[in-house]
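Colleague: The sequence shown stops at residue 308 when you use the working numbering, and every number in between is there. Where a beta carbon is used, it is the ideal one built from N, C-alpha and C, also for glycine. Note that the coordinates shown come from a computational prediction; the quantities given were computed from them, not determined experimentally. Next up is a structure, given as structure tokens.
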Amino acid sequence: MVVIAVTGKGGTGKTAIAALLVKFISEKTSNILAVDADPDSNLPDALGVEVEKTLGDVRELFQVTRDSLGTVDKGLWLEGKIFEVIHEFENFDLLVMGRPEGEGCYCFVNNLLRGILKKFMRHYDHVIVDCEAGLEHFSRKTIEGADYIVVVTDTSRKGLKTAKKIKDLVEELNLNFREMFLVGNKIVGDEAKEVIKNFAEEEGFVLLDLLPYDEEVVELDLKGEPIVNLSEDSEFAKRVKLIAEVLTGWGS
Ligand SMILES: Nc1ncnc2c1ncn2[C@@H]1O[C@H](COP(=O)(O)OP(=O)(O)OP(=O)(O)O)[C@@H](O)[C@H]1O
Ligand SMILES: [Mg+2]
57 MVVIAVTGKG GTGKTAIAAL LVKFISEKTS NILAVDADPD SNLPDALGVE
107 VEKTLGDVRE LFQVTRDSLG TVDKGLWLEG KIFEVIHEFE NFDLLVMGRP
157 EGEGCYCFVN NLLRGILKKF MRHYDHVIVD CEAGLEHFSR KTIEGADYIV
207 VVTDTSRKGL KTAKKIKDLV EELNLNFREM FLVGNKIVGD EAKEVIKNFA
257 EEEGFVLLDL LPYDEEVVEL DLKGEPIVNL SEDSEFAKRV KLIAEVLTGW
307 GS
């Protein structure tokens with residue numbers, strides 16, 4: 057199993073990239089799980105699918121049902137419910153984490169869920185996680201088990217600052233991962249390329265690619281079509297396909 061977490065500042069293109077990674081990797085293997093870990097869930101739209109229930113719903117249901125479960129094995133109960141929120145599509149499965157917790161103590165259910173999710177994820181060859189913007193995930197340790205962390209940035213100062221904060225935090229938390237990559241997105245012009253290249257070098261990131269600003273992405277967005285409908289000619293799509301090949305080792 058290889059877990060790829062896509063993270064970075066808000067609006068940099070995490071969901072667009074995650075969705076295309078799912079598309080291209082699932083063309084080679086259908087044994088892939090896409091995880092929408094952003095409470096403001098966008099990945100289903102980007103993949104052109106609809107999802108009704110989320111893991112958050114299961115967690116809330118558990119909280120209100122717990123007392124009436126009596127001697128029922130809570131772990132088994134949750135496992136059964138998780139099957140209902142792992143949505144199976146033709147080429148991939150999708151799990152939407154959903155809203156954050158409400159008030160009250162969620163430690164018990166969260167601990168159980170963490171173990172169950174780990175077990176479930178082992179069934180897949182690839183798990184692609186579309187993270188919430190910023191650092192929240194790392195501090196909550198939701199992507200503790202990522203093999204590859206892909207940090208997406210545009211050329212904004214804030215994008216780079218967030219990338220650096222993520223790197224510092226990941227190191228501080230001593231997270232176990234194989235590699236952390238930087239991907240520049242919506243890059244226009246040589247100057248912008250230089251800025252990101254220098255940043256990657258200075259901060260010790262492996263720079264995967266500098267993805268162009270792509271009008272076709274904007275057009276699709278305007279039409280309300282999913283990003284996975286990008287044409288074969290789209291430079292953005294072609295380059296994310298190469299990233300998918302690098303991350304999965306097919307290209308080497
Ligand atoms: N290479 C690109 N060229 C042009 N537009 C792009 C490109 N990549 C992403 N976009 C557009 O930028 C916007 C933000 O993209 P996306 O939703 O993927 O970012 P995000 O990092 O997931 O945002 P959020 O933090 O809100 O989840 C979208 O409107 C998307 O269509
Ligand atoms: Mg997003």
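1. In whole angstroms, what separates the C-alpha of Phe194 from that of Asp96?
2. How do the stretch 202-216 and the stretch 66-73 stand: do at least 3 beta-carbon pairs fall below 8 angstroms, yes or no?
3. In the DSSP assignment, what residue or residues form a beta bridge with Val207?
4. With a threshold of 6 angstroms on Cβ separation, who are the neighbours of His143 within its own chain once the five nearest residues in sequence on each side are excluded?
5. Return the chain-ordered list of same chain residues with a C-beta closer than 6 angstroms to the C-beta of His182, the five sequence neighbours on each side being excluded.
6. For the beta strand (DSSP E) holding Glu144, just list the boundary residues, first then last.
7. From which residue to which residue does the alpha helix (DSSP H) around Pro100 run?
8. At 3 residues or longer, what runs of the beta strand (DSSP E) sit wholly inside the stretch 127-182?
9. Suppose the cutoff is 7 angstroms on Cβ atoms and the five residues either side in sequence are ignored; what does the same chain contact list for Gly160 look like?
10. Around the Cβ of Glu188, are there at least 16 other Cβ atoms within 10 angstroms (buried) or fewer (exposed)?
Modeller: Reading it off the structure:
1. 17 angstroms
2. Below 8 angstroms, enough C-beta pairs join the stretch 202-216 and the stretch 66-73 to call them touching: three or more.
3. Thr63 and Leu238
4. Val107 and Leu150
5. Excluding positions up to five away in sequence, the list reads Val58, Ile81 and Ile88.
6. Ile142 to Glu144
7. Leu99 to Leu103
8. 142-144 and 149-152
9. Here the set comprises Gln119.
10. buried
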